[in-house]
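Enquirer: Just dropping this structure here.
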Amino acid sequence: MRMMLLVGSLGLVLVLIMRAADPNTWRWIIPPESGSAEIEQPEKGEITRKDILVPRKAVAADNGIEGEFRVVADKRPVTPYTLGSKGKQEDAEEGRQLWASPEALAAIEDNSPFRANGFEAWKQIRDRLRAASPSQLAEAEAPRVQFGQLFQQSDLYRGHLVTVSGTVRRCVKVPPNKLDAESGEMWQLWMFGGSDNFPMVIYCLDLPEGFPVADQMAERVSIKAVYFKKWVHPAKGGATTSPLLLAKSFDWQAPAELAHTISSAEITLGIGLTLAGACVVVGFVWWNNRNRDSEVEKRIRLKNRQQFEEHADQLDAGVSVRDRLGALAAQLQQASSPPQADDKPTE
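UniProt numbering applies: residue 1 is where the sequence shown begins, and numbers increase by one.
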């Protein structure tokens, strides 16, 4: 019976949730404004596909009912990553330059390994980065993005210069591409964000002086790089997909290390102090325990003493060693003396 009541209550809750999600349920509370009324469809006639594909967007709460759809001009859709501080879309890509031609970028295919259709865009980005000076890259506009933005909005950021920050946990050297004589050596970095479990893969043309190269490391850096695509590559757990970027180099400061040369006098003094300390410890332990019996020895000695006192009157000392030696000497003397005759012979 209780199970049936629980199932019925759950069904009632689901029905109420569905009713609450219907905007018509709440129109009596917040009536629609005159300018935000929905476009009425003709009562008769078939709805064509053209009517369905009218560009729409969700308006902000201060411009109408939140979540209401209106017909708008053909603009890039508003997302949490492209909304400005006032809730309006900022057309930031117009002020930023593409690092490859639109035709080459359009040929790139996401969710795939390196393919020939993306080689032209890769080559153009690499050549422009190689020709750019550090001052030009420093002055270039590069919005700060995260893993999720690149992964969810690949088309929006493709070919643009962005700034990514995180911890580099892998840096390996990539040999030149045999099919590209101008490729040269590159460096592959795996960067993890603060809460990301998957890396962003960055190919660098150069590394800062002293930057470590290892399969396991942890170096916090910030890199300006051009986003390329979502790249499928092998990993420890199998094939995975990561945002792929291309960078010229980046700023990195080596951690400060205190370099101090130890002289022979300091080494001798250290060894002497260590030996002296060891002698003091050993001497203290010996002095503290030289006349001290262990608890077990005390108990055994006390137990033996009690047994001796209880049975002292029953002990038989017997013949001492001195008496035994005297008796043995008398026996030996008697055995060695000649026998004497008792009667003299008669005539």
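Even for Gly, the Cβ is constructed at its ideal location relative to N, Cα and C.
#1: Look up Glu219 in the DSSP assignment and give the residues it is bridged to.
#2: Among Tyr227, Ile300, Trp231, which residue has its Cα nearest to the Cα of Thr241?
#3: Which residue comes first and which comes last in the beta strand (DSSP E) that contains Ala247?
#4: Does the pairing of the stretch 184 to 197 with the stretch 158 to 171 give three or more beta-carbon distances under 8 Å?
#5: Using 8 Å as the Cβ pair cut-off and three pairs as the minimum, do the stretch 263 to 271 and the stretch 282 to 291 touch?
#6: What residues are listed by DSSP as bridge partners for Trp190?
#7: According to DSSP, which residues form a beta bridge with Val226?
#8: With DSSP as the reference, please indicate the residues paired to Ala214 in a beta bridge.
#9: Do you know offhand how far Leu161's Cα is from Pro255's?
#10: Taking three-plus beta-carbon pairs below 8 Å as touching, is the stretch 243 to 252 in contact with the stretch 208 to 224?
#11: Excluding sequence positions up to five away, which residues of its chain have a Cβ less than 6 Å from the Cβ of Gln97?
#12: Could you tell me which of Ser263, Arg126, Pro243 sits nearest to Trp190, measuring between CA atoms?
#13: Count the CB pairs spanning the stretch 202 to 216 and the stretch 171 to 178 that are closer than 8 Å, and state whether there are at least three.
#14: Taking the Cβ atom as the reference point for each residue, do Gly159 and Trp99 lie within a distance shorter than 8 Å?
#15: Would you call the CB atoms of Leu245 and Val226 closer than 8 Å?
#16: Roughly how many angstroms separate the alpha carbons of Pro23 and Met3, rounded to a whole number?
#17: To the nearest angstrom, report how far apart Ile125 and Arg19 are at their CA atoms.
#18: Is it buried or exposed, Ile300, if we count other Cβ atoms within 10 angstroms and call 16 or more buried?
#19: Should His200 go down as buried or exposed, given a rule of 16 or more other Cβ atoms within 10 Å for buried?
#20: Report buried or exposed for Lys303, applying the criterion of at least 16 other Cβ atoms within 10 angstroms of its Cβ.
#21: How would you call Ile17, buried or exposed, if buried means at least 16 neighbouring beta carbons within 10 angstroms?
#22: Take the Cβ of Leu332 as the centre, count every other Cβ of all protein chains shown within 10 Å, and call the residue buried at 16 or more, exposed below.
#23: In the DSSP assignment, find the unbroken alpha helix (DSSP H) run with Val280 in it and report its ends.
#24: Helix, strand or coil for Val232, going by three-state DSSP, please let me know.
#25: Look up Arg144 in the DSSP assignment and give the residues it is bridged to.
#26: In three-state DSSP terms, what is Ile17?
Expert: Answer, in terms of the structure:
#1: Under DSSP, Glu219 shares a beta bridge with Val168.
#2: Of the listed residues, the one whose Cα sits closest to Thr241 is Trp231.
#3: From DSSP, the beta strand (DSSP E) with Ala247 extends over 238 to 247.
#4: The stretch 184 to 197 makes contact with the stretch 158 to 171, as at least three CB pairs between them are under 8 Å.
#5: Taking a cut-off of 8 Å for Cβ pairs, the stretch 263 to 271 and the stretch 282 to 291 do not touch, as fewer than three such pairs fall below it.
#6: Arg170, Val201.
#7: Val226 has Leu161, Leu246 as its beta-bridge partners, per DSSP.
#8: Answer is Cys171.
#9: Approximately 28 Å between the Cα atoms of the pair.
#10: Result yes; three or more Cβ-Cβ pairs closer than 8 Å.
#11: Closer than 6 Å at the Cβ level, and outside the excluded window around Gln97, lies no residue.
#12: When each option's Cα is compared against that of Trp190, the closest is Pro243.
#13: A contact exists between the stretch 202 to 216 and the stretch 171 to 178.
#14: Result yes, Cβ atoms of Gly159 and Trp99 sit closer than 8 Å.
#15: Against a cut-off of 8 Å, the Cβ pair of Val226 and Leu245 comes out as a contact.
#16: The C-alpha of Met3 is placed about 33 Å away from the C-alpha of Pro23.
#17: Each residue's alpha carbon lies about 53 Å from the other.
#18: Ile300 should be labelled exposed.
#19: Contrary to the premise, residue 200 reads as Met rather than His in this sequence. Buried: at least 16 other Cβ atoms inside 10 Å.
#20: It is exposed - the Cβ of Lys303 has fewer than 16 other Cβ atoms within 10 Å.
#21: Exposed, because fewer than 16 other Cβ atoms sit within 10 Å of the Cβ of Ile17.
#22: It counts as exposed.
#23: Element bounds for Val280: 264 to 289.
#24: Annotated three-state conformation of Val232 is strand, per DSSP.
#25: Thr163, per the DSSP bridge assignment.
#26: Residue state, collapsed to three classes: helix.
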